[in-house]
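Q:
Protein chains: 2
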Amino acid sequence: MTSRFFLENSQEFLSGNKISKKNNPDVFHHLKDVLRVKDKDLVELVAGQSAYLVRVNEISAMEVFFNRLDKLSKDPEIPVKTTIVVPLLKSDHLDWLIQKATELGVFKIILTNFSYSVVKDIKIEKKLQRYEKIVKGAAEQSHRLLVPEIIYEKKFIEQAGLSDHQIGIVAWEESAKAGEKSNLFKMIRLAKLDSKFNEIVAVFGPEGGISKKEIKKLESSGFITAGLGPRILRAETAPLYLLSSVSLLIELS
Amino acid sequence: MTSRFFLENSQEFLSGNKISKKNNPDVFHHLKDVLRVKDKDLVELVAGQSAYLVRVNEISAMEVFFNRLDKLSKDPEIPVKTTIVVPLLKSDHLDWLIQKATELGVFKIILTNFSYSVVKDIKIEKKLQRYEKIVKGAAEQSHRLLVPEIIYEKKFIEQAGLSDHQIGIVAWEESAKAGEKSNLFKMIRLAKLDSKFNEIVAVFGPEGGISKKEIKKLESSGFITAGLGPRILRAETAPLYLLSSVSLLIELS
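Listed in order, the protein sequences are those of chains A and B. Per this note's numbering, the very first residue in the first sequence carries number 1; after that it's consecutive. Per this note's numbering, the very first residue in the second sequence carries number 1; after that it's consecutive.
1. In the DSSP assignment, the alpha helix (DSSP H) including B:VAL27 goes from what residue to what residue?
2. Please list, in chain order, all residues of the same chain as B:LYS71 whose beta carbon is under 6 Å from its beta carbon, the five residues on each side excluded.
3. Do the CB positions of A:GLY105 and A:SER247 come within less than 7 Å of each other?
4. From what residue to what residue does the beta strand (DSSP E) around B:ALA202 run?
5. Nearest-angstrom Cα distance between B:GLY229 and B:LYS181?
6. What three-state label does DSSP hand A:PRO239 in the structure shown?
7. Following a CB-centred definition, is B:LYS186 positioned closer than 6 Å to any heavy atom of the ligand HEM?
8. Determine the contact status of B:ARG68 and B:VAL54, defining contact as a CB-CB distance below 7 Å.
9. Tell me the DSSP bridge mates of B:GLN11?
10. Of the residues B:ARG144, B:ILE59, B:LEU35, which one's Cα is nearest the Cα of B:PHE6?
11. Which residue's Cα is closest to the Cα of A:VAL27: A:SER221, A:TYR241, A:MET62, A:GLY168?
12. Excluding the 5 residues flanking A:PHE65 on each side, which residues of the same chain have their C-beta closer than 6 Å to its C-beta?
13. Alpha carbon to alpha carbon, how far is A:VAL43 from A:GLU8? Give it in angstroms, no decimals.
14. Buried or exposed for B:LEU198, please, with buried defined as at least 16 other CB atoms from any protein chain shown within 10 angstroms of its CB.
15. Tell me which residues of the stretch 222-240 of chain A have at least one Cβ-Cβ distance to chain B shorter than 7 Å, keeping chain order.
16. In whole angstroms, what is the alpha-carbon distance linking B:GLY208 and B:ILE157?
17. Are the C-beta of B:HIS93 and some C-beta of chain A separated by less than 7 Å?
18. By a C-beta neighbour count over all protein chains shown, 10 Å radius and 16 as the cutoff for buried, is A:SER163 buried or exposed?
19. What residues in the stretch 133-144 of chain B have a beta carbon less than 8 Å from any beta carbon of chain A?
20. Note down, in chain order, every chain A residue with its Cβ under 7 Å from the Cβ of B:LYS100.
21. Could you tell me whether the Cβ of A:GLU251 comes closer than 7 Å to any Cβ of chain B?
22. Would you please verify whether the beta carbon of A:GLY205 is less than 7 Å from any beta carbon of chain B?
23. In chain order, what residues of the same chain have a beta carbon less than 6 Å from the beta carbon of A:GLU149, not counting five sequence neighbours either side?
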């Protein structure tokens, strides 16, 4: 499998078919020191908003030059941009969720607080740096065309709102318990069939659940509560169920 | 949330509404030492093939007695029994997969070898003991009615075969690359609509992929190759995509 890399600085590649240690230090390091590419090796580079298949042409102390073989036209991105809003989770559960969500095509990840959240937002800036690395690595590994954004919004629910082209879903266990079985399917189909909607924003609560007050606020902001089946899914599993569902219904006929 | 436990010995509960340290040591330990249940606490017990809501009535040195409040009729199991066949994976990747697959409703997990497997089956017996604990814990946590079976079959592919009521799927990246987009959906729908089929067996290869020879053998045994969308999914992610898809199409209208 040809390795894929996202360029930090696209310009030098787009104009000069090269990358430099100065402008693309991460990719340069990966190619020279990790992969140890040689002449004629193939890699995929994402520059601008396209992916290119390239062959290594020349390697110097500070630069790597390529021959551009092909512009890769396959679009690996879900046509409906899907954002997941999730709580801060314990230890490596969030690491794992972020990686898997990226493999499954998530567009954006918003970390926020819930009434019943256990983990507090201590050192969130430092954590975000690590999360960004995880997202980038997963985007490269799954051969995506964009690196999902991951941000922290302290009060997402209080400030929640949907634009005209967004469908809002909140995964709520109480819905599933009450037998709610059709909203998830309906909402994804709506996104697929009605061209007015091209984004889904899906909210997932912590282990302790989402409070009634939070549900009321989200519903009044236009979010629809949905059950995700009859089993209880952990906070880090539920978003993967949703992303798989979006992919299945929208990308696979 | 009321905790759920699978009884090792159902008989003493079904006849006597109790569990003993002697016959149900794990559950006894959990109730007394971990949860430290008191009089009137509620728990859910799975005995025989049913789940019961019970109230703690009396706690002695060797036994816990209950009042049976309700037989829980909600069926959390996917009507189509879904087996996943997966390679041995590195370190905790398999732990995660097993846990998540159980949350998502898997019926049976078969570990096997592929041509391009990296991890060998060293100390598989000891590993299976740990995997069984993980499966049981996840089944309790997700409030399932059965504990999925997890086994090791050294040569699954060589001996692969499907019964009349099984649909076989092999998740193959080459299919997805070639643009195959409809088989997964079709096969799950077939399981849903044709009562002749009530089981799905899905095969997932290792990081290095499935060899052409293995694909040929599986196809000749009745398995259908299917793409799981345009992104490359890791070996531990692809089964979760499939299980979510089965649940979405069969359990949610």
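For each residue, glycine too, the CB sits at the ideal point set by N, CA and C.
A: Here's the rundown:
1. Locating residue 27 of chain B in the second sequence gives position 27, counting from the first residue. Element bounds for B:VAL27: 25-29.
2. Locating residue 71 of chain B in the second sequence gives position 71, counting from the first residue. Once the five neighbours on either side are set aside, the close Cβ partners of B:LYS71 are SER50, TYR52.
3. By one-based count along the first sequence, residue 105 of chain A stands at place 105. By one-based count along the first sequence, residue 247 of chain A stands at place 247. For the pair A:GLY105 and A:SER247, the CB atoms are nearer than the 7 Å cut-off.
4. Position 202 of the second sequence, counted from the first residue, corresponds to residue 202 of chain B. For B:ALA202, the enclosing beta strand (DSSP E) starts and ends at 199-204.
5. Counted from its first residue, the second sequence places residue 229 of chain B at position 229. Counted from its first residue, the second sequence places residue 181 of chain B at position 181. Looking at the backbone, the Cα of B:GLY229 and that of B:LYS181 are separated by about 7 Å.
6. Against the first sequence, residue 239 of chain A aligns to sequence position 239. DSSP places A:PRO239 within a helical segment (H, G or I) once states are collapsed to three.
7. Ligands are entirely absent from the displayed structure, and the ligand HEM is therefore not among its contents.
8. Residue numbering aside, residue 68 of chain B sits at position 68 when the second sequence is read from its first letter. Residue numbering aside, residue 54 of chain B sits at position 54 when the second sequence is read from its first letter. Contact flag set, yes.
9. In the second sequence, the residue the question calls residue 11 of chain B occupies position 11. Note: B:GLN11 is not bridge-paired with any residue in the DSSP secondary-structure output.
10. The residue labelled residue 6 of chain B in the question sits at position 6 within the second sequence. The residue from B:ARG144, B:ILE59, B:LEU35 with its alpha-carbon nearest to that of B:PHE6 is B:ARG144.
11. Start at 1 with the first residue of the first sequence, and residue 27 of chain A comes out as number 27. It is A:MET62.
12. If you number the first sequence from 1, residue 65 of chain A lands on position 65. Listed in chain order, the non-local C-beta contacts of A:PHE65 below 6 Å within the same chain comprise LYS18, ASN57, GLU58, local neighbours out to five positions each way being set aside.
13. Locating residue 8 of chain A in the first sequence gives position 8, counting from the first residue. Locating residue 43 of chain A in the first sequence gives position 43, counting from the first residue. In a straight line, the C-alpha of A:GLU8 is about 16 Å away from that of A:VAL43.
14. As a working mapping, residue 198 of chain B is identified with position 198 in the second sequence. This sequence places Asn at residue 198 of chain B; Leu is not what is there. So B:ASN198 ends up on the exposed side.
15. For the stretch 222-240 of chain A, the set of positions with a beta-carbon nearer than 7 Å to some beta-carbon of chain B reads GLY229, PRO230, ARG231, ILE232, LEU233, ARG234, THR237, LEU240 in chain order.
16. One-based indexing of the second sequence puts residue 208 of chain B at position 208. One-based indexing of the second sequence puts residue 157 of chain B at position 157. Rounded to the nearest whole angstrom, the C-alpha separation of B:GLY208 and B:ILE157 is 16 Å.
17. The count along the second sequence starts at 1 and reaches residue 93 of chain B at position 93. Chain A, which has no Cβ nearer than 7 Å to the Cβ of B:HIS93, makes this no.
18. Within the first sequence, the letter at position 163 stands for residue 163 of chain A. Classification of A:SER163: exposed, given that the 10 Å Cβ count is below 16.
19. Result list: GLN141, SER142, HIS143, ARG144.
20. Here the question's residue 100 of chain B lines up with position 100 in the second sequence. Correct list: THR237.
21. Residue numbering aside, residue 251 of chain A sits at position 251 when the first sequence is read from its first letter. With respect to chain B, the C-beta atom of A:GLU251 has a partner C-beta closer than 7 Å.
22. Position 205 of the first sequence, counting from 1, holds the residue named residue 205 of chain A. No, because no Cβ of chain B sits closer than 7 Å to the Cβ of A:GLY205.
23. Taking the first sequence and counting its residues from 1, the one referred to as residue 149 of chain A is at position 149. Within the same chain, A:GLU149 has close Cβ partners LYS108.
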